[in-house]
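All remarks here apply to the structure that follows.
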Amino acid sequence: MLAGCSSVGQDNVTAGTAGTSAAPVTAETAEAAETAEVPKTDGTEQTEVDESMNNTAQLVFHSFDGGGPEFSVVIADPEIASYGLRSDRRADSDSISTGSGYRVICTLTGLKPGRTNVTVQERSPIADNRDHIYTVTVGSDMSVTVDERGAFEAEGVLAGMKLLINDREVPGKWLWNDSTLELSYMLPVTAEMSMYGGFEQVGALTEDFSLPSSDKRITTLPGDIVLYSGDRLVLFYGSNTWEYTRLGIIDLPENELRELLGNGDVTVTICE
């Protein structure tokens, strides 16, 4: 039995653009956010990105009174970027909740050039609990670019799936989609991986093994876990643009990813 496993088997978003499910942020919203009450933690069901100044970007979420989700924010490298949370208590026409809806705005400010991950933790006693992960890049001109990596299950079946690389358990998060759900029914799964292109490890899951896929042309970032052609697992320690189905993310700094994945072929196991 592998260490860390039980034996039981069974696109790119930049500052100034928004995801398809969220409404645009207006200058009026941004202005209101500057004067609104500041919560330490608040939550949401939708996200979008907007830019108000050259060295800031905003993530906008939706919540509601009476059990709406709450936020906390974790920045992997706080020397690269900082954050502030503010609420906009005006009527929220985008809210699908029955309670009094409002917006929560997270403003990310660039502090020095570099790249870091930002996790917005969404928690609610009556709704899904998710971790929204973004990669924030601060350019040499202090401009801020935000790449949305996805909303990952924070508890439940997928949150309990373990990822091992050469028998070492690494922190991983899994998107909720048809591919990962099907994968969870087939655990444990092992793939013999090979280095390719100087930016990824790729390997067949097993013979005659495939997952449902919904490939889209995306640009990956270090740490992305994707499915290629329905039957090949790909782990990135660099970047590539191609058609993939997103599965999850390895939550490690880039230098650790390159050390772990960029020095020879590896064996990957996904288990309970």
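Taking this note's numbering, the leading residue of the sequence shown gets 25, the next gets one more, and so forth. Backbone N, C-alpha and C fix where the C-beta goes; we use that ideal spot for every residue, glycine too.
Is it buried or exposed for lysine 186, if we count other Cβ within 10 angstroms and need 16 for buried?
buried
If you follow the alpha helix (DSSP H) that threonine 244 is part of, which residue opens it and which one closes it?
Counting along the chain, threonine 244 falls outside any alpha helix (DSSP H), and DSSP gives it neither H nor E.
Count the other CB atoms, across all protein chains shown, that sit within 10 Å of the CB of asparagine 287; report buried if there are 16 or more and exposed otherwise.
Asparagine 287 is exposed by the Cβ-count criterion.
Helix, strand or coil at serine 203 [DSSP, three-state]
Serine 203 falls in the helix class under three-state DSSP.
Whole-angstrom distance between valine 181 and cysteine 295, CA atom to CA atom:
11 Å
Below 9 Å between beta carbons: does that hold for serine 238 and threonine 204?
no
Taking the beta carbon of serine 111 as the centre, do at least 16 other beta carbons fall within 10 Å, making it buried, or is it exposed?
buried
With 16 other CB atoms within 10 Å as the buried threshold, where does serine 218 fall?
exposed
Tell me whether the region 255-265 and the region 166-182 touch, counting them as touching only if at least three CB pairs, one residue from each stretch, are closer than 8 Å.
Touching, no, given that fewer than three Cβ pairs across the two stretches are closer than 8 Å.
Assuming contact is defined by CB atoms lying nearer than 9 Å, are phenylalanine 95 and arginine 147 in contact in what I supplied?
yes
C-alpha distance - leucine 251 paired with threonine 133, whole-angstrom precision:
Approximately 33 Å, taken between the alpha carbons.
In chain order, what residues of the same chain have a beta carbon less than 8 Å from the beta carbon of asparagine 264, not counting five sequence neighbours either side?
Excluding residues within five positions, the ones whose Cβ falls inside 8 Å are Gly221, Phe223, Glu224, Thr243 and Thr244.
Helix, strand or coil, according to DSSP, for alanine 183 in the structure here?
helix
Residues that threonine 161 bridges to, as DSSP identifies them
Arg139 and Thr169
With distances taken from CA atoms, which of Lys136, Val98 and Thr291 is nearest aspartate 165?
Lys136
Tell me the rounded alpha-carbon separation between threonine 293 and aspartate 191.
Going from the Cα of threonine 293 to the Cα of aspartate 191 covers about 8 Å.
Beta-carbon separation (whole angstroms), threonine 131 vs threonine 214, contact threshold 8 Å
Incorrect: roughly 43 Å between the Cβ atoms, too far for contact.
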